[in-house]
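>
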Amino acid sequence: MTDNIILIGMPGAGKSTVGVVLAKALGYDFIDSDLLIQAETGKRLFEIIEESGIDGLLQIEEQVNAGIRTQRTVIATGGSVIYGEAAMEHLKSIGIVVYIQVDYEALEKRLGNLLKRGVAIRKGNTLRDLYNERAPLYEKYADITVNARGKGIREVVETIENILGELCGKEI
């Protein structure tokens, strides 16, 4: 088994919720990298965007994610982590990257105000634009892709556990 499991995917894909349940199931620690950013800066994500712009948030996000040093931990990342090449290279070097894939229609139903969530979306872009821009990057960095369509949290966790078990040649 690998040291860490890193969850990537769109905002609203369930990374944090899946991450907590998966960590409990595996006996791992759990880190939400968005919360690390907030702890380090003393600001919520949308406040960082308001003060420093999207590029400022992305720079902080890359630094924080590239600096994570941990073992036996499930790490739920922010949806925009895939814009930081150094962060993604680091995360891939310390664990298995799992892309929680959710279809656009489900995301549209789940997400409220993107700006209050601190989503790194440029002015004039829609959620559809963001989805189309990010999906290829999630696929590029993923070691494992789990399609969450029509699945509850527990089913997504079990799917991840089963895939990890197959990769490691044993049940997790």
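Heads up: the sequence shown begins at 80 in the working numbering, then just goes up one per residue. Where a beta carbon is used, it is the ideal one built from N, C-alpha and C, also for glycine. Model, not experiment: these values are computed from the prediction.
I'd like to know whether the C-beta atoms of Arg151 and Asp82 end up nearer to each other than 8 Å.
yes
> Comparing alpha-carbon positions, which option in Arg207, Leu105, Arg213, Asn241 lies nearest Gly157?
Arg213
> Under a Cβ-count criterion, where at least 16 other Cβ atoms within 10 Å of its own Cβ denotes burial, should Ala165 be classed as buried or exposed?
exposed
> Taking the alpha-carbon of Leu216 as reference, which of Val160, Ile133, Asn204 has the nearest alpha-carbon?
Val160
> Alpha carbon to alpha carbon, how far is Lys188 from Ser172?
34 Å
> Rounded to the nearest angstrom, how far is the Cβ of Ile53 from that of Leu136, given a contact under 8 Å?
Examination of residue 53 is not possible in this model, given that the chain is present from 80 through 251 alone.
> Quick check on DSSP: helix, strand or coil for Ile154?
strand
> Where DSSP assigns a beta bridge to Tyr178, which residues make up the other side?
Per the DSSP secondary-structure output, Tyr178 pairs in a beta bridge with Ile87, Thr224.
> Between Cys247, Glu245, Glu240, which lies nearest to Leu105 when the distance is taken from Cα to Cα?
Leu105 has its Cα closest to that of Glu240, out of Cys247, Glu245, Glu240.
> What are the residues that DSSP puts in a beta bridge with Ile110?
Ile154
> Excluding the 5 residues flanking Gly93 on each side, which residues of the same chain have their C-beta closer than 8 Å to its C-beta?
Ile179, Val181, Ala227, Ile232, Val235
> From Arg207, Ser95, Val153, Glu237, pick the residue whose C-alpha is nearest to that of Ala185; which is it?
Arg207
> Got a sec? Which residues, its chain only, sit under 8 Å from Glu218 by beta carbon, not counting five neighbours each side?
Hits under 8 Å: Tyr178, Thr224.
> Does the beta-carbon of Asp113 have 16 or more other beta-carbons within 10 angstroms, so that it is buried, or is it exposed?
buried
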